[in-house]
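Letter by letter, the first sequence follows residues 1 to 517 in the numbering used here.
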Amino acid sequence: MIGRSTSIMSYDNPALQFDEQRLAKRNLLQEQGVTLYPPSFHRSHTIAGIRTEFDSVTHDPSPQQVATAGRIYIVRDHGKTFFCDLGDESGRIQLYIRKDSLPDGKFAIFKSGVERGDIIGVKGRAFRTKVGEITLWVDDFELLTKALCSLPEKFHGLTNLEKRYRQRYLDLIVNEESRETFRTRSRILSQLRNNLTARDFLEFETPTLQPIYGGANARPFTTYHNYLEQKLYMRIAPELYLKRLVVGGFEKVFELAKNFRNEDIDTSHNPEFSMVEIYQAYADYKDMMRLTEEIISGIIREVTGGYEVTYEGNTIDFTPPWNSMPMEEAVKTIGGIDIFTYPLEALKEKGKTLGVEGVEGVRSHREALPLFFETLVEEKLIQPTFILDFPIENSPLAKVHREKEGFVERFELFIAGMELANGFSELNDPIDQLERFEAQEEKRRLGDEEAQMHDYDFVNALGYGMPPTGGVGIGIDRLVMLSTSNTSIKEVILFPSMRRESTTEEEEEVAPGEDNQ
RNA sequence: GGGCUUGUAGCUUAGUCGGUAGAGCGACAGACUCUUAAUCUGUAGGUCAGGGGUUCGAGUCCCUUCAGGCCCGCCA
Numbered sequence: 001m002i003g004r005s006t007s008i009m010s011y012d013n014p015a016l017q018f019d020e021q022r023l024a025k026r027n028l029l030q031e032q033g034v035t036l037y038p039p040s041f042h043r044s045h046t047i048a049g050i051r052t053e054f055d056s057v058t059h060d061p062s063p064q065q066v067a068t069a070g071r072i073y074i075v076r077d078h079g080k081t082f083f084c085d086l087g088d089e090s091g092r093i094q095l096y097i098r099k100d101s102l103p104d105g106k107f108a109i110f111k112s113g114v115e116r117g118d119i120i121g122v123k124g125r126a127f128r129t130k131v132g133e134i135t136l137w138v139d140d141f142e143l144l145t146k147a148l149c150s151l152p153e154k155f156h157g158l159t160n161l162e163k164r165y166r167q168r169y170l171d172l173i174v175n176e177e178s179r180e181t182f183r184t185r186s187r188i189l190s191q192l193r194n195n196l197t198a199r200d201f202l203e204f205e206t207p208t209l210q211p212i213y214g215g216a217n218a219r220p221f222t223t224y225h226n227y228l229e230q231k232l233y234m235r236i237a238p239e240l241y242l243k244r245l246v247v248g249g250f251e252k253v254f255e256l257a258k259n260f261r262n263e264d265i266d267t268s269h270n271p272e273f274s275m276v277e278i279y280q281a282y283a284d285y286k287d288m289m290r291l292t293e294e295i296i297s298g299i300i301r302e303v304t305g306g307y308e309v310t311y312e313g314n315t316i317d318f319t320p321p322w323n324s325m326p327m328e329e330a331v332k333t334i335g336g337i338d339i340f341t342y343p344l345e346a347l348k349e350k351g352k353t354l355g356v357e358g359v360e361g362v363r364s365h366r367e368a369l370p371l372f373f374e375t376l377v378e379e380k381l382i383q384p385t386f387i388l389d390f391p392i393e394n395s396p397l398a399k400v401h402r403e404k405e406g407f408v409e410r411f412e413l414f415i416a417g418m419e420l421a422n423g424f425s426e427l428n429d430p431i432d433q434l435e436r437f438e439a440q441e442e443k444r445r446l447g448d449e450e451a452q453m454h455d456y457d458f459v460n461a462l463g464y465g466m467p468p469t470g471g472v473g474i475g476i477d478r479l480v481m482l483s484t485s486n487t488s489i490k491e492v493i494l495f496p497s498m499r500r501e502s503t504t505e506e507e508e509e510v511a512p513g514e515d516n517q
């Protein structure tokens, strides 16, 4: 929308966090002819670079002048001298600013107009102070960016979670741990790409806006394309498109996908989240388990330097190979109940006493199995554990088990009680796929909003022939949580979904979507 | 959806039994040429998240709205 032009700029709009004193300094600097936002500054060194190169300097400043830049984090005013802590992405260094070392008039500008939070460029020479702190003796400085908002307190910093999430930039400015978390996240992403491309996988991008959503059981976000005049869904998974690529002849593919699910938010769920999905022709679910194990353990070693991670007080050991067991065995040995020894009615009773949700409605032991698993086992799986062989009913895209009737060749990986990965031998029999979709459609008719949509084009793709294929999806956000010992997904997503703040004027109420047909 | 819980100055926070809202940092004015959470002196800064109620009197007690956090449900 075209902005309503306001003839008088208003800095006291409650939505603005500008500081009056800083605005005054800005004006003062402008009157003195200081350029507030110059276009560039040439650095000869980063701060870490200075620290490394001049590590052996003594009390006498090095003859070599360097140019570096950064944000002023702390100012210590001594009258005719200043000590400042200057920080860039690489680190921090102390500046020593003397009135008699700067060009004429510069000291007054610094004293009256430059403050904590501002970004400056400096030219200076490295030396060590009396107490041995490596410091830059400043010969000249240039204001590079005047900050109008003041930084949080220098010692306690910013701890308010809501503010840290809503104003992540501020969190990143002042909290090194937060910067480190997102550095790790970035390293994990590049490690994933390197690892997979080194194995000859090709990375692709498939549609985020989909006319038919699929690949998972979840409620989608709905949108509308004006030109096409049709409803579109934000993808809940890229699965069905990636498998089309395997049909097309790409034998090893992956996508680093942002998925969208219109569901609740909690410490392990964000409405938009990241997942890597991987498909490999001529592989089965066991191959994908091995691949998953190699990729994740490799990432943990790369980002932590070892295979052990402390998480929620537990030491998690990622050293391969990881434990694996069929779901019925997990329920038996970890859950402590061998459900197949109970008659069905007795099993339902037993389930009720154990607090197994939804057990009353089951029609078979097989249907009861995942319910018992979720209640009795899932949260106890702290060490990396593959759970194998799921009942067929809830896995409409997985191939039937080669030995166990009524089951599919599927695994899920659990770590710290969280589901980290989910993979299977992909269903490639078009007739079976058609029947599974029809079963899902029936569920939808009975009101299951999360049952999958029928996708005839996908069935046709399988009709042209997809080789035997293994696939897996790995949750990136949760992997970052484990790698950085964070127990909230909001700590590892830069800009997590938050309810909008109501301090600003009410916007037009958005309709709750047309996702109920 | 349910339970518990938090919201006080820019930030970090104290506030007892209901009795004039305190501090540190930051800001402002001043002193100080090796400090490092610099130090010292002084000043300003508050719709106690919003609204309502009880009371002579509410940051404090009650109701309600908003936003956040934790747990449960849901998300297989």
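Ideal Cβ positions, reconstructed from N, Cα and C, are used throughout, including at glycine.
Per DSSP, the unbroken beta strand (DSSP E) holding Val408 starts and ends at Phe407 to Ile415. For Gln30, the uninterrupted alpha helix (DSSP H) run begins and ends at Glu20 to Glu31, by DSSP. Across the structure, Tyr37 and Arg98 are spaced so that their CA atoms are roughly 24 Å apart. The beta carbon of Ala330 is closer than 7 Å to those of Phe373, Val377 and Ile387 in its chain, skipping five residues each way along the sequence.
The beta carbon of Val34 sits closer than 7 Å to those of Ile109, Gly113 and Leu143, all from its chain and outside the five residues before and after it, given in chain order.
Put simply, of Glu501, Ile72, Arg244 and Glu438 the residue whose alpha carbon is nearest the alpha carbon of Asn428 is Arg244. By the Cβ-count criterion, Gln17 is exposed, with fewer than 16 other Cβ atoms from all chains shown falling within 10 Å of its own Cβ. Annotated three-state conformation of Glu426 is strand, per DSSP. Spatial neighbours of Arg168 in its own chain (CB-CB distance under 7 Å, excluding positions within 5 residues in sequence) are listed in chain order as Leu494 and Phe495.
Here Phe340 is exposed, its C-beta having fewer than 16 other C-beta atoms within 10 Å.
Around the C-beta of Asp266, fewer than 16 other C-beta atoms lie within 10 Å, and the residue is accordingly described as exposed. Counting only unbroken stretches of 3 or more residues, the beta strand (DSSP E) elements lying wholly within the region 312-340 are 314-317 and 323-326, in sequence order. Going by beta carbons, Met289 and Ile474 fall outside the 8 Å limit.
Under the DSSP assignment, Asp389 falls in the beta strand (DSSP E) whose first and last residues are Thr385 to Pro391.
Counting along the chain, the unbroken alpha helix (DSSP H) around Tyr165 starts and ends at Leu161 to Arg166. Taking C-beta separations shorter than 8 Å and ignoring five residues to either side along the sequence, the partners of Arg128 in its chain run Val57, Thr58, His59, Ile134 and Thr135, following chain order. Taking a 10 Å sphere around the C-beta of Gly306, we find fewer than 16 other C-beta atoms and assign the residue as exposed.
Between Asp455 and Gly215, the alpha-carbon positions lie close to 10 Å from each other.
Boundaries of the beta strand (DSSP E) harbouring Met234: Gln230 to Met234, taken from the DSSP string. Counting only unbroken stretches of 4 or more residues, the alpha helix (DSSP H) elements lying wholly within the region 138-203 are 161-166, 168-174 and 176-198, in sequence order. Taking 8 Å as the cut-off, the beta carbon of Arg92 is found no closer than this to the beta carbon of Thr68.
Looking at the backbone, the Cα of Gly336 and that of His365 are separated by about 16 Å. Per DSSP, Gly305 has no beta bridge partner at all. Cβ-Cβ distances below 6 Å link Leu196 to Phe254 in the same chain, with the five nearest sequence neighbours on each side left out; the list follows chain order.
Leu446 has its alpha-carbon roughly 44 Å from the corresponding atom of Asp317. Distance from the CA of Gly157 to the CA of Ile72, rounded to the nearest whole angstrom, comes to 15 Å.
Contact check for Gln433 against Val472 fails: the beta carbons are separated by 8 Å or more. The continuous alpha helix (DSSP H) containing Arg244 extends over residues Glu239 to Val247. DSSP assignment within the region 42-117 yields the following whole beta strand (DSSP E) runs of 3 residues or more, N-terminal first: 66-77, 81-88 and 91-98.
The alpha-carbon separation between Glu442 and Ser395 amounts to approximately 15 Å.
Excluding its 5 nearest sequence neighbours in each direction, Lys130 has C-beta neighbours in its own chain below 8 Å: His59, listed in chain order.
DSSP places Asn217 in no beta strand (DSSP E); its state is neither H nor E.
Proximity to Tyr342 across Ser485, Ala368 and Asn323 peaks at Ala368, based on C-alpha coordinates.
Annotation for Ile474: the continuous beta strand (DSSP E) segment containing it runs Thr469 to Gly475.
Here the alpha carbons of Tyr279 and Leu397 stand approximately 13 Å from one another. In this structure, the beta-carbon distance from Arg76 to Val492 does not fall below 8 Å.
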